[in-house]
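Chain order of the listed sequences is L, H and U.
Quick note on numbering: the working numbering labels position 105 of the first sequence as 133, and the sequence is numbered without any gaps.
Quick note on numbering: the working numbering labels position 427 of the second sequence as 438, and the sequence is numbered without any gaps.
Quick note on numbering: the working numbering labels position 9 of the third sequence as 19, and the sequence is numbered without any gaps.
C-beta atoms are modelled at their ideal positions from N, C-alpha and C, and glycine is treated no differently.
First up is the structure itself, then whatever we jot down about it.
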Amino acid sequence: MLWLGQGLGLGSRQAASWRITQGVGLAYALQQLINGITLGMIYGLIAVGYTMVYGIIGMINFAHGDVFMIGAFLSLIALSGLASLGITAVPLALAITLVFAAALAALYGWTIERVAYRPLRGSFRLAPLISAIGMSITLQNFAQVTQGARVKPLAPLLPGGLVLTRAGGFAVQLSWMQIAIAITTVLCLGLFTWLVTKTPLGRAMRACEQDLKMASLLGIDTDRTIGLTFVIGAALAAVAGLLFLLYYGAIDFYIGFVAGVKAFTAAVLGGIGSLPGAVLGGLLIGLIETFWSAYFSVQYKDVAAFSILAITLIFLPTGLLGRADVEKV
Amino acid sequence: MTNQGSPLRDAFLSALVALGLFAPMVGLQTHVGAHGIALVPRPLAVASLVGAVFVLRLAIRLWQGRRPAAGMSMMAGAAAGRIALAAGRARRFLVPALLALALLMPVVASRSTLDLGVLVLTYVMLGWGLNIVVGLAGLLDLGYVAFYAVGAYSYALIAQATGLGFWSCLPAAGALAALWGITLGFPVLRLRGDYLAIVTLAFGEIIRIVLLNWVSLTGGPNGISGIPRPTLFGLRFTMTDEPGTFAGFFHLAPSSAHRLVFLYYVILALALLTNWVTLRLRRQPLGRVWEALREDEIACRSLGINITTTKLTAFAVGACFGGFAGAFFATRQGFISPESFTFMESATVLAIVVLGGMGSQLGVVLAALVMIGGPEMFRALADYRMLIFGLALVVMMVLRPRGLVTERKPSVSLGGAARAIPAALIAEGRS
Amino acid sequence: MATATAALLDVRHLGMRFGGIVALDDVSFTARRGEITAVIGPNGAGKTTAFNCITGFYRPSAGGLHLTHADGRGFALAAMPGHLIARRARVARTFQNIRLFAGMTALENLLVAQHAPLMAATGLGVLAILGLGRYRAAERRAIDKARMWLERIDLLARADDPAGALPYGAQRRLEIARAMCLDPVLLCLDEPAAGLNPRETAALDALLLGIRDQGCSILLIEHDMGMVMRISDHIVVLDHGRKIGDGTPAEIRADPHVIAAYLGEDDESADALARAAAP
Numbered sequence: 029m030l031w032l033g034q035g036l037g038l039g040s041r042q043a044a045s046w047r048i049t050q051g052v053g054l055a056y057a058l059q060q061l062i063n064g065i066t067l068g069m070i071y072g073l074i075a076v077g078y079t080m081v082y083g084i085i086g087m088i089n090f091a092h093g094d095v096f097m098i099g100a101f102l103s104l105i106a107l108s109g110l111a112s113l114g115i116t117a118v119p120l121a122l123a124i125t126l127v128f129a130a131a132l133a134a135l136y137g138w139t140i141e142r143v144a145y146r147p148l149r150g151s152f153r154l155a156p157l158i159s160a161i162g163m164s165i166t167l168q169n170f171a172q173v174t175q176g177a178r179v180k181p182l183a184p185l186l187p188g189g190l191v192l193t194r195a196g197g198f199a200v201q202l203s204w205m206q207i208a209i210a211i212t213t214v215l216c217l218g219l220f221t222w223l224v225t226k227t228p229l230g231r232a233m234r235a236c237e238q239d240l241k242m243a244s245l246l247g248i249d250t251d252r253t254i255g256l257t258f259v260i261g262a263a264l265a266a267v268a269g270l271l272f273l274l275y276y277g278a279i280d281f282y283i284g285f286v287a288g289v290k291a292f293t294a295a296v297l298g299g300i301g302s303l304p305g306a307v308l309g310g311l312l313i314g315l316i317e318t319f320w321s322a323y324f325s326v327q328y329k330d331v332a333a334f335s336i337l338a339i340t341l342i343f344l345p346t347g348l349l350g351r352a353d354v355e356k357v
Numbered sequence: 012m013t014n015q016g017s018p019l020r021d022a023f024l025s026a027l028v029a030l031g032l033f034a035p036m037v038g039l040q041t042h043v044g045a046h047g048i049a050l051v052p053r054p055l056a057v058a059s060l061v062g063a064v065f066v067l068r069l070a071i072r073l074w075q076g077r078r079p080a081a082g083m084s085m086m087a088g089a090a091a092g093r094i095a096l097a098a099g100r101a102r103r104f105l106v107p108a109l110l111a112l113a114l115l116m117p118v119v120a121s122r123s124t125l126d127l128g129v130l131v132l133t134y135v136m137l138g139w140g141l142n143i144v145v146g147l148a149g150l151l152d153l154g155y156v157a158f159y160a161v162g163a164y165s166y167a168l169i170a171q172a173t174g175l176g177f178w179s180c181l182p183a184a185g186a187l188a189a190l191w192g193i194t195l196g197f198p199v200l201r202l203r204g205d206y207l208a209i210v211t212l213a214f215g216e217i218i219r220i221v222l223l224n225w226v227s228l229t230g231g232p233n234g235i236s237g238i239p240r241p242t243l244f245g246l247r248f249t250m251t252d253e254p255g256t257f258a259g260f261f262h263l264a265p266s267s268a269h270r271l272v273f274l275y276y277v278i279l280a281l282a283l284l285t286n287w288v289t290l291r292l293r294r295q296p297l298g299r300v301w302e303a304l305r306e307d308e309i310a311c312r313s314l315g316i317n318i319t320t321t322k323l324t325a326f327a328v329g330a331c332f333g334g335f336a337g338a339f340f341a342t343r344q345g346f347i348s349p350e351s352f353t354f355m356e357s358a359t360v361l362a363i364v365v366l367g368g369m370g371s372q373l374g375v376v377l378a379a380l381v382m383i384g385g386p387e388m389f390r391a392l393a394d395y396r397m398l399i400f401g402l403a404l405v406v407m408m409v410l411r412p413r414g415l416v417t418e419r420k421p422s423v424s425l426g427g428a429a430r431a432i433p434a435a436l437i438a439e440g441r442s
Numbered sequence: 011m012a013t014a015t016a017a018l019l020d021v022r023h024l025g026m027r028f029g030g031i032v033a034l035d036d037v038s039f040t041a042r043r044g045e046i047t048a049v050i051g052p053n054g055a056g057k058t059t060a061f062n063c064i065t066g067f068y069r070p071s072a073g074g075l076h077l078t079h080a081d082g083r084g085f086a087l088a089a090m091p092g093h094l095i096a097r098r099a100r101v102a103r104t105f106q107n108i109r110l111f112a113g114m115t116a117l118e119n120l121l122v123a124q125h126a127p128l129m130a131a132t133g134l135g136v137l138a139i140l141g142l143g144r145y146r147a148a149e150r151r152a153i154d155k156a157r158m159w160l161e162r163i164d165l166l167a168r169a170d171d172p173a174g175a176l177p178y179g180a181q182r183r184l185e186i187a188r189a190m191c192l193d194p195v196l197l198c199l200d201e202p203a204a205g206l207n208p209r210e211t212a213a214l215d216a217l218l219l220g221i222r223d224q225g226c227s228i229l230l231i232e233h234d235m236g237m238v239m240r241i242s243d244h245i246v247v248l249d250h251g252r253k254i255g256d257g258t259p260a261e262i263r264a265d266p267h268v269i270a271a272y273l274g275e276d277d278e279s280a281d282a283l284a285r286a287a288a289p
């Protein structure tokens with residue numbers, strides 16, 4: 029079983045000795061901030077898919093985390109294939125992989141919606157949830173059967189990085205990989221924001237989110253819009269899968285569950301249905317987890333993330349950026 | 012489902028999609044080699060999968076074409092509906108028949124079948140316990156395994172610390188699980204349905220992580236072994252016939268089958284106790300209010316019902332039975348570790364409740380037979396077993412979203428036999 | 011304290027705002043014991059909001075709500091949790107869009123309303139599970155009461171039918187009966203005649219007058235002016251969150267402010283009021 033952020037755990041153990049030196053404290057915190065934001069961006073990309081689907085059809089797409097996992101595998105396959113074809117220029121290989129993984133994961137997203145959710149639309153509320161859990165189990169075992177249960181490692185593509193500052197022998201490093209992750213995330217989210225705010229598809233999506241029945245009465249093809257929502261969400265999850273693969277350098281068929289649960293937590297924390305909220309929630313979960321691992325214990329980092337989710341929901345039931353809904357009597 | 016194009020074209024498009032899905036994931040297997048990842052091509056596997064999709068889709072479309080009025084899923088759904096309806100009509104005979112079969116199992120069944128029976132009954136009991144929370148009160152709980160785990164660890168730890176046996180520890184295991192239910196429920200039960208789901212899921216994970224990491228108490232990933240096995244009025248089940256053992260007392264040849272049969276009857280009794288309490292509660296104010304809560308929370312509030320306490324009772328009673336089941340699991344295995352309490356368990360139990368038909372006790376039994384018995388029969392499929400399990404879950408939901416037994420029997424009636432209430436009228440809890 | 015009990019519900023300077031929107035602004039009126047008090051007004055006047063404040067679904071932003079029982083006990087409703095308003099202060103209500111337990115039978119609906127006394131008899135559930143103690147007697151009493159109400163609303167024959175399968179008018183009556191099973195001192199009805207045909211409305215008149223005469227006061231929101239004028243003892247008129255009229259049906263009919271408010275609305279209600287005003 030591979031837990032998210034194991035690499036960070038290693039970092040924190042090394043850091044224990046560093047912390048003895050006084051001046052290191054701030055530098056150490058800065059490093060955690062960088063690591064936390066990197067992790068948070070990956071969560072944010074997955075969370076967007078959860079929040080979009082929930083916003084439109086009010087369902088927890090449990091299989092979304094596993095689409096992320098499939099995306100990571102597709103990326104691994106693409107990178108290995110490109111390497112064997114002799115395409116070794118890193119930017120080119122990454123760009124091709126990104127498009128390949130996003131496109132095929134989008135196909136997975138579309139198929140899942142078509143096969144497992146669309147027949148259940150407007151039916152009993154729990155049926156799509158169980159269907160989604162079934163889909164999640166299916167995808168996990170599909171990846172295990174077809175690609176094997178072993179952890180798949182990937183040699184670092186972009187080693188090294190920038191040393192931002194040094195304090196008492198502790199170097200705050202911003203790796204090339206982290207920069208690449210940040211650029212990719214910002215570009216994808218920018219493209220996505222443009223898609224949602226400026227295009228007819230985005231308008232249709234927002235209309236469906238407001239009122240599915242009304243949107244359909246106004247002539248919006250709701251089935252198509254919902255299908256495209258899954259496509260976009262899956263493509264973003266695949267990007268997250270690629271970034272995860274690059275950052276941690278290892279994946280297995282189980283990464284989808286943990287990442288999925290945390291990304292959903294992020295979506296709820298940010299206010300489910302809110303797209304900026306999903307990104308904000310992702311960043312917060314990434315930071316909480318990283319700082320908790322660095323200063324308290326790696327083992328209980330998930331406990332910290334989940335506890336903060338519960339506390340937020342109790343005191344702020346619609347999340348950080350969610351719309352408050354007045355109870356209709 | 013609308014008819015899109017000719018069947019041949021449709022099947023071709025489906026095959027094209029299948030090609031996209033399967034070509035990389037199935038067609039190119041990643042192998043960890045000495046020089047990083049190597050890709051092993053498997054064109055034959057892809058071709059056969061794509062061909063299968065083509066043929067299947069074509070067959071479905073042609074079959075649909077013969078009966079243009081209804082889509083495939085509707086037809087199959089209707090068929091499943093007819094079966095369920097027949098089951099509903101046959102309930103008068105089905106329930107006693109199932110009960111008789113359950114009682115006679117140890118006499119007629121082989122060892123392995125009996126072992127499977129113990130497993131199925133454990134899930135029936137868990138399903139009945141969760142049914143109180145999800146089916147009756149309409150509260151979506153995705154972390155039911157937490158209470159199962161609390162029950163199992165409570166029994167194991169109390170038994171180790173005090174040397175008490177299964178029967179003395181059982182009430183404590185249930186009570187502790189219920190206490191956890193209340194502790195968790197108190198702050199979160201005012202949350203909306205889906206938020207409740209995610210918080211309970213998180214709680215289930217928290218419990219597992221704590222069990223995994225609190226090594227000094229729980230043994231961490233190594234778990235707890237040497238958990239005392241159950242006794243029959245103090246008689247132990249061993250492979251000897253010395254005094255104080257079951258075999259010795261009844262002058263029988265010692266056999267490991269005795270314990271298995273005994274375990275079977277213990278879990279049968281516990282499950283039937285769960286069922287009995289639930290059925291009694293349903294006819295009482297408390298159970299009735301649980302169902303009313305599922306129907307309309309706001310109306311309940313207007314009738315002077317304290318929603319938080321009512322939800323808490325449902326949560327606590329459900330948790331208590333989960334705790335009993337956990338204690339049984341611990342005594343049956345003699346060994347527990349966090350691995351047995353993953354989200355998969357919660358998902359399976361919830362799937363049993365939903366597939367059974369929310370709130371239906373008989374449905375839970377049928378669903379547990381299908382979902383636990385089914386995969387066990389396909390053990391030979393090894394790795395493909397869970398893949399098929401997942402697919403079957405999707406197919407069953409698509410064909411029968413409301414579950415196997417969908418009607419609700421009124422809890423009280425003024426005169427004559429109460430008529431069943433059709434599913435369309437029954438609410439499904441707050442969203 | 012018979013003289014002091016004339017005022018049952020005293021609404022004082024009630025205010026309610028949602029964000030920037032003022033739904034109720036300084037509304038004061040009194041509902042007297044043994045009377046039917048109607049709250050009327052155009053759509054969006056704040057009638058249902060006032061109801062939601064009185065029955066504890068909203069917490070008012072300003073003002074007070076005082077209820078006095080016949081024995082002199084007083085309740086500050088604005089500070090009470092919603093379910094205690096129903097249980098202790100004995101204020102029951104129905105909803106504009108019917109909220110029955112659709113998947114439960116008519117009888118079950120009426121038994122849920124008697125939860126508190128039934129639960130008290132179950133001995134924390136244990137006695138009831140074992141079928142012991144006072145529970146059996148309590149249950150019999152509850153069923154008898156439900157039967158009485160089913161008979162009164164003419165639904166005895168359909169006692170074992172799911173509430174959701176009953177015709178619309180029957181659902182309205184059942185919701186009233188369910189509220190009455192709480193033994194309320196004040197029954198708040200939110201548009202009980204909406205969607206009823208004239209014959210059903212006439213039956214509703216009789217039912218409500220009967221409830222009043224047996225000692226339960228009624229607070230009534232209704233758009234059917236004919237019905238309001240026929241059965242109300244006292245009418246309060248709201249418009250845009252403010253009270254614009256208060257008096258007997260005859261006084262309201264002649265009140266120029268009220269007529270202006272309704273004519274300004276230019277809808278059916280205005281015609282209805284005009285027709286009611288010109289007997």
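I need the boundaries of the alpha helix (DSSP H) containing residue i, first residue and last residue.
i	result
Asp215/U	Pro208 to Asp223
Lys253/U	Counting along the chain, Lys253/U falls outside any alpha helix (DSSP H), though it belongs to the beta strand (DSSP E) covering Arg252 to Gly257.
Pro35/H	Pro18 to Met36
Could you please give the first and the last residue of the uninterrupted beta strand (DSSP E) stretch that includes residue i?
i	result
Val247/U	His244 to Asp249
Ser38/U	Ile31 to Arg42
Phe85/U	Gly84 to Ala86
Can you tell me whether DSSP reads residue i as helix, strand or coil?
i	result
Pro412/H	coil
Arg266/H	Checking the displayed sequence, the identity of residue 266/H turns out to be Ser instead of Arg. DSSP places Ser266/H in coil when its eight states are reduced to three.
Ser203/L	strand
Gln372/H	helix
Cys226/U	coil
Phe28/U	strand
Gln327/L	coil
For residue i, which residues in chain L fall below 9 Å Cβ to Cβ?
i	result
Gly401/H	Ile161, Gly162, Met163, Ser164, Ile165, Thr166, Leu167, Gln168, Asn169 and Phe170
Hey, how far is the Cα of residue i from the Cα of residue j?
i	j	result
Arg201/H	Pro345/L	9 Å
Leu195/H	Ala208/H	12 Å
Pro54/H	Leu377/H	41 Å
Pro194/U	Gly113/U	25 Å
Ala81/H	Leu73/H	Any reading at Ala81/H needs caution, since the residue's pLDDT is 48, under 50, leaving its predicted position unreliable; the model's value is listed next. Distance between the alpha carbons of Ala81/H and Leu73/H: 13 Å.
Val57/H	Thr253/L	30 Å
Please compile the residues from chain H whose C-beta is within a distance smaller than 8 Å of the C-beta of residue i.
i	result
Arg178/L	Val43
Gly179/U	Near Gly179/U there are no residues of chain H at all, since even the closest Cβ is about 18 Å away, more than 8 Å.
Could you run through the segment 297–311 of chain H and flag, in chain order, every residue whose CB is less than 7 Å away from some CB of chain U? Leu297, Arg299, Val300, Glu302, Ala303, Glu306, Asp307, Ile309 and Ala310
Could you list the residues in the segment 80–94 of chain L with a C-beta less than 8 Å from some C-beta on chain H, going in chain order? Tyr82, Gly86 and Ile88
Between the segment 408–428 of chain H and chain U, which residues of the former have a C-beta closer than 8 Å to a C-beta of the latter? Arg419, Pro421, Ser422, Val423, Ser424, Leu425, Gly426 and Gly427
Using a Cβ-Cβ cut-off of less than 8 Å, list which residues of the segment 285–299 of chain L approach chain H; keep chain order. Phe285, Val289, Phe292, Thr293 and Val296
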